[in-house]
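Numbering (UniProt numbering), first residue to last: 1 to 120.
Cβ atoms here follow ideal geometry from the backbone N, Cα and C, with glycine treated the same way.
Before any comments, here is the structure.
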């Protein structure tokens, strides 16, 4: 399941700069007992990346709530958050792009991850 800008949906505009240029950032978090591990560190990482990439974002409280809400649906899982610059701009120019797009997904924690961590 995907949450795009706060709405459950399965598709992203092909004009979004994430699909056109990989223009954005992401973090992947572990979900344990329905809670995001190291939540504040993941949000800080996204804020730092957006600042470096000059992606204007004013949705941090909403994003934190969305992360917590999705995590609560998955007791043992993986939460991925992608922030893109949004749609717009011509070529590599970021003029007239935005607003930023936030994409969240949560999946079951893969059983083989523990084996890989222990055995390499």
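Take the Cβ of residue i as the centre, count every other Cβ of all protein chains shown within 10 Å, and call the residue buried at 16 or more, exposed below.
i          : result
residue 86 : buried
residue 18 : buried
residue 16 : buried
Got a sec? Which residues, its chain only, sit under 6 Å from residue i by beta carbon, not counting five neighbours each side?
i           : result
residue 108 : 77
residue 13  : 87
residue 27  : 42, 45, 46 and 81
Checking the sheet assignment: what are the DSSP bridge partners for residue i?
i           : result
residue 29  : 79
residue 21  : BP columns for residue 21 are empty, so no partner.
residue 7   : 4
residue 116 : The partner list for residue 116 (beta bridge, DSSP) is empty, contrary to what the question assumes.
residue 104 : 3 and 81
In chain order, what residues of the same chain have a beta carbon less than 8 Å from the beta carbon of residue i, not counting five sequence neighbours either side?
i          : result
residue 92 : 21
residue 37 : 29, 30 and 31
residue 89 : 17, 95, 96 and 97
Segment contact flag, the region 66-73 with the region 30-43, C-beta cutoff 8 Å, min 3 pairs: yes
Pairs of beta-carbons, one from the region 112-119 and one from the region 90-101, closer than 8 Å: are there three or more? no
Which parts of the region 33-100 are runs of the alpha helix (DSSP H), unbroken and 4 residues or longer, counting only runs that do not cross its ends? 39-53 and 60-72
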